[in-house]
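Just so you know, we're using UniProt numbering here: the sequence shown kicks off at 1 and counts up by one. Cβ coordinates follow ideal geometry from the N, Cα and C atoms, glycine included.
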Amino acid sequence: MDHGTPRTVSLSAVPETLLWNLYHRSFAARQPSAAFEDPRSVALVDSIDYPFEETFGPPSPFLAQGQALRVLTFDAVVRDFLAEHPDGTVVALGEGLETQFWRVDNGRVHWLSVDLPETVAVRRDLLADGERRRTLACSALDPAWIEEVDTSRGVLVTAQGLLMYLRPAEVRELIARCAEHFPGGALVFDAVPRWFSARTTHGGMTTVQGYTTPPMPWGMNAGELSKVFTAHPGITEVREVPVPRGDGLFFGTVAPLARRVPGVRNLRPTMTVLARFAPR
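Laid out in structure tokens, this is it:
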């Protein structure tokens, strides 16, 4: 990555959310006592000419820790996959400027990042493709990306911060497509609860700086995990992936307990779900 002249980045709507995620991930990684290490995200923020604070407001330690814990949850799933399939393929749908590859790389994994052309142009400029890591300009809803996946050594599909921006029928179709084409593989994704989805689609959530989150048409409550099985008969397991315990009262005590309490667990803004597919 070139650390010379700052790169100007201009995105809108859903693609712009990748900058919000990067901003808070970088802030979390900068904290001297943080268990979350992501030097690549710090370097990215420092190299981008974008009004982060003017757009999103001052970085929130609370939101930054929540973002970091979500990222660590996905990282743990990828590492578990690579422990079983060291030469496997990770397909990162809607990856944006996520720097997960550099956090989990075992020196053997093959990485395919699939995103919209607007986003891919930015990613390729800031995070150029490498020998085992390439970027494909393609919508996650376009089945064409499936033909680009090497399935011979195992496949894990990740969809971090993506499915909530799709319509319910599109989410179901995408899950079914993964189950159909990647037998023996798995999909890990995150979901917002229905109340959160409704809030974004009825006026949205706006910061004091005027930034409004895009609508999130799809939401799923924690008690609805069994519905994922209905997307395809090849789905053999669906479970929530626990978030690592964080710091402070909320992330250290309240959030871990809330996941186990039916009347409270849907108050959480997001959950991470792993779906496994039967071998053929």
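Short Cβ contact (8 Å threshold) for residue i with residue j
i: V228; j: I146; result: no
i: P269; j: F189; result: no
i: L187; j: V157; result: yes
i: M164; j: M216; result: yes
i: V45; j: F52; result: yes
i: L97; j: R7; result: no
i: V273; j: E237; result: no
Counted within 10 angstroms of its Cβ, other Cβ atoms place residue i as buried (16 or more) or exposed
i: R260; result: exposed
i: L249; result: exposed
i: D115; result: buried
i: A144; result: exposed
i: V71; result: buried
i: T200; result: buried
i: G223; result: exposed
i: A128; result: exposed
i: V254; result: exposed
i: R280; result: exposed
i: D38; result: buried
Close-in-space but distant-in-sequence residues of the same chain around residue i (CB under 6 Å, 5 per side omitted)
i: R40; result: T99, W102
i: V104; result: D75, V78, R79
i: A92; result: S113, T158
i: A231; result: R172, I175, A176
i: L9; result: Residue identity check: residue 9 is Val in the sequence provided, not Leu. Contacts found: I48, Y50, V122.
i: G154; result: H85, G88
i: T73; result: V241, V243, T272
Neighbourhood of residue i by C-beta distance below 8 Å, restricted to the same chain and skipping five residues each side
i: L141; result: L166, E170, E173, L174
i: R134; result: W111, L112, S113
For residue i, the residue or residues it bridges with in DSSP
i: A275; result: L187, V238
i: T158; result: A92, V188
Cutoff 7 Å; reference residue i; Cβ partners in own chain excluding five residues on either side
i: A64; result: H24, F27, A28
i: residue 281; result: Examination of residue 281 is not possible in this model, given that the chain is present from 1 through 280 alone.
i: L69; result: V243, P244, G246, F251
i: W20; result: F56
i: V192; result: M164, M216, G219, P269, T270
beta-carbon residue i near the ligand COA non-hydrogen atom, thresh 7 Å
i: A231; result: No copy of the ligand COA occurs in the structure displayed, which carries no ligand at all.
Those runs of the beta strand (DSSP E) which lie wholly inside the region 171-238 and span at least 3 residues: If you keep only unbroken beta strand (DSSP E) runs of at least 3 residues inside the region 171-238, you get 186-191.
Every unbroken beta strand (DSSP E) within the region 232-271, with a cutoff of 3 residues, ordered by chain: DSSP runs (the beta strand (DSSP E)) wholly in the region 232-271: 235-241.
Complete runs of the alpha helix (DSSP H) confined to the region 117-146 [at least 4 residues]: Listed in chain order, the complete alpha helix (DSSP H) runs (minimum 4 residues) inside the region 117-146 are 117-126.
Runs of alpha helix (DSSP H) wholly within the region 73-117 (minimum 4 residues, chain order): Whole alpha helix (DSSP H) segments, 4+ residues: 100-104.
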